[in-house]
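Under the working numbering, the letters of the sequence shown match residues -9 to 844, in that order. Quick notes on the structure that follows.
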Amino acid sequence: MKKEWYKSSWIKGILIGFTQVIAVILIISMVWIISCPRAAANVLKGDNVQYEDTQGFAETFMNQYADILAGLEAKEQFETDGEFDGDKIVDIQNVSNSQPIDGKNEHGLAYRLSDLIDWEEKIYDGDINSDQYGSSGENEILVCKKPDSTYEYYYFSDFKSKIDSGELKFINETEDHSSTSILQELQDGEYYEEDGDSKLTVIDQDNAVQYVDCWDYDGTWVEETCSPIDAENVLDIVNHNPEWNGNLDQAFTQIWNVLSIINVEKQAYDSMLSGYEENSSNVTYLYADRDKKTIYTNRKEYTDFDNLDDSVKKIGMLDKYVLVGARASQFKGNVTGVLYSDCNYHNRLVTEPQDFVFIMGVDTKYPVQDAFYYESHSYSYYQSGIGVALAGAILSGILLMVCIIWLTIVVGRKPEDTELYLIGFDKLPTEVGAIIVVGLWGIFAAIMLNVANYLSSIVWSDEIYYLGWSPGASVPMLIGIGILGFGTCAFFMFGYLSLIRRIKARSLWKRSVLRWLGIHAYAFFRMIPAVGRQCLIMIAFIITQFLWASGDGIFLLIASAADVAAFIYVMLQAAGRKQIVKGIHRIAEGQVDYKIPLKGLKGEQKDIAESINRIGDGLDAAVEAGMKNERLKTDLITNVSHDIKTPLTSIINYIDLMKRENIQDPKIQSYLEVLEAKAQRLKTLTEDVVEASKVSSGNVVLNCMKLNLTEMIQQTSGEFVEKFEKRDLKEILNLPEEPAYVWADGRRTWRILENIYNNAAKYALEGSRIYADLKLTETEVVFSLKNVSEQPLNISADELTERFIRGDVSRSTEGSGLGLSIARDLAKLMNAKFELYLDGDLFRVTITFARIND
């Protein structure tokens, strides 16, 4: 076949190498664009915008505008006569309610400014406990309620000292509940405010009640590092100042708020002092309050209030400035994108004074190396190459996609045939290959990042912090990014091409560790009994619900998916179970050919349904075989009986004819009598067999009527008097005086009675008594006949009612073995109950009919 050159190894090698190069170009171009995104946007718009007209300049300008105002506000708060005043009094309630620090103690809880700053710094540095809720240990605070409903607060150590010294004691103390255990319970927080079940009453040495209740304080708290004005600690204030008594939580909450406010304002104050002083910034600012005739500025030449207007004009002559006054009409400025609404935000310096002016300008020649200087140089530097970076990013991105698509098509192929070729790495399990590639890339990336951190520690040192904006600092950075990009692309392409070869060979999943685990897990799961599998499923479901309770997003997603899966599983199981139960009911009702549909059934339910269907098939076959055997048996009995009956009739007729010939020879007469007796017995047997066949197959038509069973028993008893007398049997007949009406077929009932009487006449012990009893109940008529058997009865009652079974095992007496079987089947056809009872030689048959009214 014709070789396809684009699949050749050298072409693939060139493509892979070219892919590496253009990937590095793409990464460097994207880094360049990301470093100055606004310059890239301007190039795309076709604008050649200077840094001073960019949004970046406006954002930096407004950030410094806000910093300066915040710093000036903090300066006003922290200073007195232009100098930092650490002794300035800070009223906690006023400052917490956003009022300025005015140096007055109006509400009784106040601190020196320097103390609050030190306190805040210790919290920030972690030198003291910063837990805002609940005191602990020796700092545990106890609340004691006085009889007059005021409160006194103790640190636990102070309260314990008074208890130990005997100055105070608990009225609740007992031998089993000492003061030591009560103190421990207090420290453990076992007593609560207004806890009616466990109030602690405290008395003094004179047994006077000092406190009606005590409990552990569990409100806001902060560890104290300094004392309030005119007090030892906060508890001293709330114990003696009526305004604060009972409001310890409010006091500590407001202290927390003030410490947070001091922290923010101290940062703003320090930032303004260090960043905006004269000759340290390209920014010039001036704030003047005309009412107070005060000026704040970072230029000495503008400090004279009398020259305020000239100072404002000079600052307004800078290249970029913004002027804000008390009225919107006073707003002026030439900073692109900055509006009056941006400048008039919440700050006391621009909201409270009735007449003020604030002007801020930037010298765009940037004589001082501040943020504006470095951002300007960075913008110019990156803007010069942004066009090339954009073009490089677009072109390299297109070429990279072309190369990847080309390699995706030809990887694993050779020009001379259509076979797929794998390398040794492709034969590793999928997850193992992925771990190797990602792991090696991770090691490579970690090494490169460590090198980058080392270089950055040199480049971004304090002395040359802003050299990062210069070309000299960017070149090493870009080289490092290029090397990292080259390595990343190499590892990506190696893993990607292996992935494509696996997909083409259809081995991605076949050689997967997950697939292997899944197969073995499924096999193991199938080996576990059904109950065990259900337990595992329930445990997994419960675990997901506990994960849901944790509230995490990923666990919530997993638990939700588990709930949906559980709902679907339960519904499918219920539907499958209903399908199986329906099939069982159908088969139980006689539809043995019914088949349970297997569609939608899975696992164990499917196995059960298939087994039930096989049982149904077996039952169907058994029923069919039984019916066939019954038909064959019936046909056989009918045919044989018919074949016997015809010659038997002839024999009986010829015997009758011979008897009419007046034969005198006694010997021949005896022969004829024997022949006649045996022929009659054979005739009776044939009739019994036919009758039994009809009864058992249900081919009997009943003509039921209202029948007096008492009369029929009397008639039957009379018929058998001669037979009983021949064997010296005496019948004891017990009949009720009232008639016993039943709904039955008279001829078939007579046959039942005849058969059981015949049975007694043949098998009862000679010279014994036969008991015939007829009893009536509200709903039933019960007839029983019992006698003592001549032969031992070594068989069960059920066997005795089977066909051709006789109590006379030697068969020395007359009988076909069908009498009781016929009687039982006829009774069943008439809905009567036929029961036999055997106990040694005692034989009893009981027939129960439903009684009908007169």
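The C-beta atom is built at its ideal place from N, Cα and C for all residues, glycine as well. A quick note: this is a predicted structure, and the numbers were derived from the prediction, not measured.
query	result
C-alpha gap between A56 and D279, whole angstroms	18 angstroms
Endpoints, the beta strand (DSSP E) within which D206 is located	D203 to D206
Delimiting residues of the alpha helix (DSSP H) encompassing C333	Y330 to C333
DSSP-derived helix/strand/coil call for N847	This structure gives no information on residue 847, because the portion of the chain shown stretches from -9 to 844.
Separation of K303 from F348, as counted between CA atoms	12 angstroms
Integer-rounded CB distance, given that V80 should sit under 8 angstroms from L106	6 angstroms
K189 to L99 span [Cα, whole Å]	31 angstroms
Spatial neighbours of F833 in its chain, beta-carbon cut-off 7 angstroms, leaving aside the 5 residues before and after	K776, N777, S779 and L783
Per-residue burial, Q174 [other beta carbons within 10 Å of its own, 16 or more giving buried]	exposed
Three-state secondary structure assigned by DSSP to S366	helix
Separation of L389 from G433, as counted between CA atoms	Correcting the residue identity first, residue 433 is Ile in this sequence and not Gly. In a straight line, the C-alpha of I433 is about 29 angstroms away from that of L389.
Residue from S19, L329, V613 and L725 whose Cα sits closest to the Cα of Q704	L725
Sequence-distant residues of its chain with Cβ nearer than 6 angstroms to G477 (five each side left out)	F434
Supposed close pair E130, Q177 - CB separation, criterion 8 angstroms	5 angstroms
Cutoff 8 angstroms; reference V202; Cβ partners in own chain excluding five residues on either side	K135, K136, P137, K189 and T191
F242 versus Y259 - alpha carbon distance	25 angstroms
Inter-residue Cα distance where the pair is I490 and R567	45 angstroms
CB of C694 within 7 angstroms of CB of W740, strictly	no
Straight-line gap, F8 to L418 (C-alpha atoms, nearest Å)	28 angstroms
Of the residues D553, V441 and S488, the one placed nearest G470, counting alpha carbons only	V441
Same chain, Cβ closer than 6 angstroms to E825, five either side skipped, listed in chain order	T836
Own chain, CB closer than 8 angstroms to R102, minus 5 neighbours either side, in chain order	G76, D77, K78, I79, V80, C216 and I219
Opposing strand residues paired with R102 [DSSP bridges]	I79
Reduced DSSP secondary structure (H/G/I, E/B, other) of R317	coil
Alpha carbon of F794 to alpha carbon of I574, nearest angstrom	Confidence at F794 is low in this model, with a pLDDT of 44, below 50, so its placement is unreliable and no value can be given for it.
Where the alpha helix (DSSP H) containing V358 begins and where it ends	From DSSP, V358 is part of no alpha helix (DSSP H); its letter is neither H nor E.
Inter-residue Cα distance where the pair is W459 and L16	Interpretation of W459 is limited by its pLDDT of 42, a score under 50 that renders its predicted location unreliable; no figure is taken from the coordinates.
Counted within 10 angstroms of its Cβ, other Cβ atoms place I454 as buried (16 or more) or exposed	Low per-residue confidence applies at I454: pLDDT is 36, beneath 50, and the placement is therefore not dependable, though the value from the model is reported in the following sentence. Counting Cβ neighbours within 10 Å, I454 comes out exposed, since fewer than 16 surround it.
T164 (DSSP reduced to helix, strand or coil)	coil
Length of the line joining the Cα atoms of F149 and I251	34 angstroms
Residues sharing a beta bridge with R759, DSSP	K720
Separation of L816 from F839, as counted between CA atoms	12 angstroms
Coarse secondary structure for Q67, derived from DSSP in three states	helix
Reference A751; option with closest CA among K322, D332 and F710	F710
Y286 beta carbon less than 7 angstroms from that of N229	no
Sufficient close CB pairs (3 or more, under 8 angstroms) joining the stretch 259 to 277 to the stretch 62 to 73	yes
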